[in-house]
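According to this note's numbering, the sequence shown is numbered sequentially starting from 182.
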Amino acid sequence: MGFTDEENGRKQTLHSFRGTYASLARTHHKDHGAVFEALERVLDHQEGNQVVRAYAHLADYTEQMRELLQWWADFLDELKTREED
């Protein structure tokens, strides 16, 4: 992503990248329209409640996940374009 600020003690890690994605995806929910479950599946999070998991495991969020990840790619591209201007 091009983030570097190590001289100030800030470093982008895989976990912080995932957290950034999760926060921004939830903040911009109206832009992409994906349901919470699709956001969680992109992060490979599993439902903690066994009963919910038993009934939800057949749900297919593939198309929403594809659209969500395209939104994320476009979001990052826009940030990079702004930085270059």
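Beta carbons: idealized from backbone N, C-alpha and C, even for Gly.
Predicted, not measured: the structure shown is a model, and the values here were computed from it.
Within the same chain, and ignoring the five residues on either side of D186 in sequence, the residues whose Cβ sits closer than 8 Å to its Cβ are K192. No residue range can be given for H209, since it is assigned to no alpha helix (DSSP H) and is classified by DSSP as neither H nor E. With a cutoff of 7 Å on beta-carbon distance, M246 and R222 are scored as near each other. DSSP assignment within the stretch 222-258 yields the following whole alpha helix (DSSP H) runs of 4 residues or more, N-terminal first: 231-237. Cβ-Cβ separation between A219 and Y202: approximately 13 Å, too far for a contact (criterion under 8 Å).
Pairwise C-beta distances place the stretch 255-262 out of contact with the stretch 223-233, as fewer than three of them are shorter than 8 Å.
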